[in-house]
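In what follows, a single structure is set out as structure tokens and then discussed.
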Amino acid sequence: MKILVALAFVLILFSLASALVYLMKDKGRSNRTVRALAFRVGFSVSLFILILIANHYGLIQPTGIR
């Protein structure tokens, strides 16, 4: 489970970085920045749903604030 969460974070960061590169390179003339940011939102929502499902099935345990 930790590997999947880490992979999702890497995908989110990669998508955010690629959006920055497209923004600087294209100067707003193409839709690549919007597409990269849309993928980032999709990855973030997928990660949230994955964490909710893993919590429901007991794959991860909440520890609270220590």
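Residues in the sequence shown are numbered from 204 upward in steps of one, following my numbering.
Don't be surprised by glycine CBs; every beta carbon is placed ideally from N, CA and C.
Could you check the C-alpha separation between residue 230 and residue 245 for me, to the nearest Å? 24 angstroms
CB-CB under 7 angstroms to residue 239, same chain, minus the five flanking residues each way: which ones, in chain order? 218, 221, 222 and 225
CB of residue 211 within 8 angstroms of CB of residue 249, strictly: yes
Among 263, 267 and 268, which residue has its Cα nearest to the Cα of residue 205? 263
Once the 5 residues before and after residue 214 are set aside, which same chain residues still bring their CB inside 7 angstroms of it? 246
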